[in-house]
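Student: For the sequence shown, the numbering used here assigns the number 1 to the initial residue and increments by one for each residue that follows.
Built from N, CA and C at the ideal position, the CB exists for glycine as well.
Small disclaimer: the values here were computed from a predicted structure and weren't measured.
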Amino acid sequence: MEALILDFDGVLADTVGRHEAALRAALQPYGVALDSGWYSGHVGLSIHDLLAALPGGRSLPHDEIVQRSRGHLLASVHTITPIPCVVELLGQARRAGVPCAVASGASRLLVDPGLDALGLKEAFGSVVRREDVVHGKPDPELFLTAARRLGVAPDRCLAVDDAPDGIASARAAGMQVITVVGGHLTPVGEQPAQPFASRQQTEPI
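1. Restricting to runs no shorter than 4 residues, where is the alpha helix (DSSP H) found entirely within the region 104-166?
2. Where does the unbroken alpha helix (DSSP H) through proline 61 begin, and where does it stop?
3. Give the straight-line distance between the Cα atoms of glutamate 141 and valine 16, rounded to the nearest whole angstrom.
4. Count the other C-beta atoms from every protein chain shown that fall within 10 angstroms of the C-beta of arginine 199, then say buried if there are 16 or more, exposed otherwise.
5. Is it buried or exposed, threonine 79, if we count other Cβ atoms within 10 angstroms and call 16 or more buried?
6. According to DSSP, which residues form a beta bridge with valine 177?
7. Relative to the C-alpha of arginine 156, which candidate in Thr186, Ala146 and Asp165 has its C-alpha closest?
8. Taking 8 Å as the cut-off, decide whether the C-beta atoms of isoleucine 65 and valine 11 are in contact.
9. Let me know the secondary structure DSSP gives isoleucine 80 once reduced to three states.
10. Ordered along the chain, which non-local residues of its own chain (more than five positions away) have a Cβ less than 6 Å from that of arginine 68?
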């Protein structure tokens, strides 16, 4: 593989539970109870897309809820922690001279401070957020944009995502995909284990 493209929430950063708690708190003033089972089936969507998909959500004041949710998240962004197996993979790619990118369905208002908090912003040649594309996941545009910015063909990219829509997005882009399950990296589908390809060094993932 000639490039590594990572999701942010639930992949680089252990934040999925934080997002659910923030959205639940933001919905509470409007008398809406967020069901954990429903939320777990929609992990990976931007908050705008979540609200659009939420039963009865179209009648809610989206902008107000988004601001409330982001406020809760930003208040604790400095305490987020990385997911070790993904940081290890990122380190392997960087040592091999392989370009890396982030492809996240979240807003730049959350992704950028999150990368700063993790000390990883300089590790990426490109960071693609929801505002940077027309279509969010499961459309492949986020991953395709990341690959284009890195100058690498999609079928030469390894993508890592933890959510069904994110996995579908990366596969639709024609990339090999691995996911994060229980703190471990797991291949998606039947695919050969491919090393990172570099002019300087080749190091297996």
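Tutor: Let's see:
1. 108-118 and 141-150
2. Taking the first residue of the sequence shown as 1, we reach residue 61 at position 61. Note, proline 61: premise wrong, no alpha helix (DSSP H); not H, not E.
3. Start at 1 with the first residue of the sequence shown, and residue 141 comes out as number 141. Start at 1 with the first residue of the sequence shown, and residue 16 comes out as number 16. About 22 Å.
4. For the purposes of this step, residue 199 is taken as residue 199 along the sequence shown, with counting starting at 1. In this prediction, arginine 199 scores a pLDDT of 37, lower than 50, which makes its location untrustworthy; no coordinate-derived value is stated.
5. Against the sequence shown, residue 79 aligns to sequence position 79. Its Cβ having fewer than 16 others within 10 Å, threonine 79 is exposed.
6. As a first step, residue 177 is located in the sequence shown; it is residue number 177 there, counting from the start. In the DSSP output, where bridge partners are listed per residue, valine 177 has Ala159.
7. Position 156 of the sequence shown, counted from the start, is the residue given in the question as residue 156. Checked all of Thr186, Ala146 and Asp165; the closest Cα to arginine 156 is Ala146.
8. As a first step, residue 65 is located in the sequence shown; it is residue number 65 there, counting from the start. As a first step, residue 11 is located in the sequence shown; it is residue number 11 there, counting from the start. The answer is no: Cβ separation not under 8 Å.
9. Here residue 80 refers to the residue found at position 80 of the sequence shown. Note: isoleucine 80 maps to coil in three-state DSSP.
10. Position 68 of the sequence shown, counted from the start, is the residue given in the question as residue 68. The answer, listed in chain order, is Ala26.
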